[in-house]
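According to my numbering, the sequence shown is numbered sequentially starting from -9. For each residue, glycine too, the CB sits at the ideal point set by N, CA and C.
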Amino acid sequence: METGVFLIVAVFVAFALGLDAFSVAVSAGVFYKKATPKQKFRLTFHFGLFQFIMPLIGWIVGEETIGILQDYDHWVAFIILSLLGVKIIYESQKSKKKVQTDISRGLKLVGLSIATSLDAFAVGFSLSLIDGQILFMSIIIGAVAAAMTYIGILIGERLSIRFEKYAGIVGGTILILIGIQIVLNHIGVV
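Laid out in structure tokens, this is it:
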């Protein structure tokens, strides 16, 4: 494939893969209302990093394993996103005075990073079948996902001004709906 055509394809693939990260980032922005620079950095860096790493792992793993993982990846993403969504909704209603969950730290951050990058794993495997310049593609996927994450957080922060009273409910519901959409997409409903 010519370099120019490959670059265009890579950007479109990266954009498609970055949509989950973008949606979760919008939810995070709504949830945080005003994310700190550290929170923005952690989400942006980790979502971009996982989107960069997962295609490389998929490319390395091989055909037999990908078939097994593809049977369950949508359920893993659904469970992670739904549990975090429910937790955010619960905590937002529990007490307005208590510190809210920081999804940009620890296992919550790792879980979201994995959930938003599982499709990139499958893309990495498919690129191994067509000799698809995996490192270059992974760099583009990671960079685009990081940019989309940062933009998503900013959009979410703006939306939270409008929905401040319901920010936790809106943010948690968005995560749950993304999980449902992933499952419905996998089974062919949408």
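Residue i (DSSP reduced to helix, strand or coil)
i           : result
residue 116 : helix
residue 61  : coil
residue 82  : helix
residue 23  : coil
residue 180 : coil
residue 13  : helix
residue 50  : helix
residue 92  : coil
Cβ separation of residue i and residue j, assumed to be a contact under 8 angstroms, to the nearest whole Å
i           : j           : result
residue 220 : residue 11  : The requested residue 220 is not part of the displayed model; the chain covers only -9 to 180.
residue 144 : residue 14  : About 14 angstroms separates the two Cβ atoms, so there is no contact after all.
residue 113 : residue 7   : 7 angstroms
residue 71  : residue 169 : 4 angstroms
residue 140 : residue 24  : Between residue 24 and residue 140 the Cβ distance is about 15 angstroms, and since that is not below 8 angstroms, they are no contact.
residue 123 : residue -4  : 7 angstroms
residue 115 : residue 65  : Wrong, their Cβ atoms sit about 18 angstroms apart, outside the cutoff.
residue 67  : residue 110 : So it is not a contact: roughly 12 angstroms between Cβ atoms.
residue 76  : residue 162 : 7 angstroms
residue 130 : residue 18  : Their Cβ separation, rounded to whole angstroms, is 23 angstroms, which puts residue 130 and residue 18 out of contact at 8 angstroms.
Residue i burial status per 10 Å Cβ neighbour count (16 or more: buried)
i           : result
residue 80  : exposed
residue 61  : exposed
residue 34  : buried
residue 22  : buried
residue 160 : buried
residue 96  : exposed
residue 147 : buried
residue 27  : exposed
### Task
Identify every run of the alpha helix (DSSP H) within the segment 116 to 177, keeping only runs that are complete inside it and at least 4 residues long; order them along the chain.
Secondary structure remark: continuous alpha helix (DSSP H) runs of at least 4 residues inside the segment 116 to 177, in chain order: 124 to 152 and 157 to 177.
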